[in-house]
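Chemist:
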Amino acid sequence: MRLGYFTPLAVFAVLALALGIGLTLEPRNIPSALIGELVPTFDLPPVAGRELGLASADLKGGEVALVNVFASWCGACRIEHPLLMALSRQGVVPVHGLAYKDRSANAARWLNQFGDPYRRIGLDLDGRVGIDWGVYGVPESFIVDGRGVIVAKHIGPITQRDLNETILPAIARARQR
Amino acid sequence: MSGFAQGWSTIAARAVRASLLLAVVAMAPPAHAITADTPLVEPRLEARAILLHKVLRCLVCQNQSIHDSNADLARDMRRIVRDRIATGASDEAVIQSIVARYGDWVLLRPPFKTKTLALWLGPAVILMLATAGVLAYFRRRRTKAATAPPLTAEEQRRLNALLDEPS
């Protein structure tokens, strides 16, 4: 039974491997239950001074879109804001906004100050629609295919890397279907 | 004004300021009053809501239930649970509607299904393996002792001598 002496080493190796993999996971990223599901039914009014609100029907028009959950009180939203502006300016994908638990005037002021990348914005004053979307931390972004099915979700501010590695490929895949 | 009187007036001024501050602090509403929930009027329904709050995870604080957490999101979720219960939804329906949005992860007690088999049965399997290992070890030791060669005549004589020795 010489082999028995290696048992502790083997157990250690398995543990180290399992825990090592665990270390690389991001505990804040909870897999969304809504991937592959239709967007929740909602109809939100626009932000002050704007005309287009956001409703589920707007996401079923046959065009892949990015729905970005933001708020004027959200500091991290400022980080991804230039990227969204670029996406919108270059016409890569239509970007819609969900102003989560924000006051109409505050959201409008924020957009006027930093720029408005959104085609349509729904004002979710009490956060109910946000919860229907499974939102738990702002900013969050969803890729919705032309039929209104959520195909991808990104939690936290979008970086250039996220854009290149996950978001743009997800948009491309959604367009192919 | 003499230095003595000036000293007293400063102290008096301080006392007035301190009592003003105290009065302001005492009059301010307690911080939790702003975020306090409106409980359901019917105590039976409120009790059901609280039970559900306790099994749902707050997604912001992650290891607290929405009952324990004072995060904004937890408060909104508590309100949603209360609203659903008030409109006559069953406990299962309320839980299902939250799970549909946030996934099984929102349940503090993970459900028993294929994906969570290792989670639920893993500890039992490891315990059984360990028990089997320990049993095998002792059995081997016992059989080794039983199959040891008998003592030689010399060894037997020495053993007897040791046993007979007065202590």
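If you're matching them up, the sequences are chains A and B in order. Numbered according to the working numbering, the first sequence spans residues 1289 to 1465. Numbered according to the working numbering, the second sequence spans residues 36 to 202. The C-beta atom is built at its ideal place from N, Cα and C for all residues, glycine as well. None of these values were measured; they are calculated from a predicted model.
Please report the residue range of the alpha helix (DSSP H) in which Y172(B) lies.
Modeler: Locating residue 172(B) in the second sequence gives position 137, where the first residue counts as 1. It spans L152 to A181 - the alpha helix (DSSP H) in which Y172(B) sits, taken as one unbroken run.
Chemist: Using the Cα positions of A175(B) and T166(B), report the straight-line distance between them to the nearest angstrom.
Modeler: Reading the second sequence from its first residue, position 140 is the one you call residue 175(B). Reading the second sequence from its first residue, position 131 is the one you call residue 166(B). Reading off the sequence shown, one finds Arg at residue 175(B), where the question assumed Ala. Rounded to whole angstroms, R175(B) to T166(B) spans 14 angstroms at the Cα level.
Chemist: On the DSSP bridge list, what partners appear for S221(B)?
Modeler: As displayed, chain B neither begins before 36 nor continues past 202, which places residue 221(B) out of reach and without an answer.
Chemist: CB-CB under 7 angstroms to V1327(A), same chain, minus the five flanking residues each way: which ones, in chain order?
Modeler: Along the first sequence, one-based indexing puts residue 1327(A) at 39. Within the same chain, V1327(A) has close Cβ partners S1344, L1347, V1432, G1436 and I1438.
Chemist: Tell me which residues share the same chain as L1297(A) and place their Cβ nearer than 6 angstroms to its Cβ, disregarding the 5 neighbours each side in the sequence.
Modeler: Looking up residue 1297(A) in the first sequence gives position 9. Around L1297(A): no qualifying Cβ.
Chemist: Got a sec? Which residues, its chain only, sit under 7 angstroms from A1359(A) by beta carbon, not counting five neighbours each side?
Modeler: On the first sequence, residue 1359(A) is found 71 positions in, with the first residue counted as 1. Hits under 7 angstroms: C1365, A1387, Y1388, K1389, D1390 and V1426.
Chemist: So with Cβ pairs under 8 angstroms, would you call L108(B) a contact of chain A?
Modeler: Taking the second sequence and counting its residues from 1, the one referred to as residue 108(B) is at position 73. Contact of L108(B) with chain A is assigned, a C-beta pair being separated by under 8 angstroms.
Chemist: Pairing CB atoms from the stretch 106–123 of chain B with CB atoms from the stretch 142–161 of chain B, are three or more of them under 8 angstroms?
Modeler: no
Chemist: Could you pull the start and end residues of the beta strand (DSSP E) that Y1388(A) belongs to?
Modeler: Translated into positions along the first sequence, residue 1388(A) becomes position 100. It spans V1383 to Y1388 - the beta strand (DSSP E) in which Y1388(A) sits, taken as one unbroken run.
Chemist: Taking any Cβ of chain A, which residues in the stretch 90–103 of chain B have a Cβ under 9 angstroms from it, in chain order?
Modeler: From the stretch 90–103 of chain B, only C93, L94, V95 and Q97 have a Cβ closer than 9 angstroms to chain A.
Chemist: Is it right to say F173(B) is buried, meaning 16 or more other beta carbons lie within 10 angstroms of its own, or is it exposed?
Modeler: Position 138 of the second sequence, counted from the first residue, corresponds to residue 173(B). Exposed.
Chemist: With I1443(A) as the anchor, note down where its alpha helix (DSSP H) starts and where it stops.
Modeler: Along the first sequence, one-based indexing puts residue 1443(A) at 155. It is not in any alpha helix (DSSP H) - I1443(A) instead sits in the beta strand (DSSP E) that spans I1438 to I1443.
Chemist: Exposed or buried, what is K179(B) when buried is set at 16 or more other beta-carbons lying within 10 Å of its beta-carbon?
Modeler: To locate residue 179(B), count along the second sequence from 1; it is residue 144. The residue in question, K179(B), is exposed, as its Cβ has fewer than 16 Cβ neighbours within 10 Å.
Chemist: Grouping DSSP H, G and I as helix and E and B as strand, with all else coil, what is A109(B)?
Modeler: The residue given as residue 109(B) occupies position 74 in the second sequence. Residue state, collapsed to three classes: helix.
Chemist: Thinking just about the alpha-carbon of each residue, which of R1408(A), I1443(A) and L1411(A) is nearest to the one in V1423(A)?
Modeler: Counting from one through the first sequence, the residue named residue 1423(A) turns up at place 135. Nearest of R1408(A), I1443(A) and L1411(A) to V1423(A), Cα basis: I1443(A).
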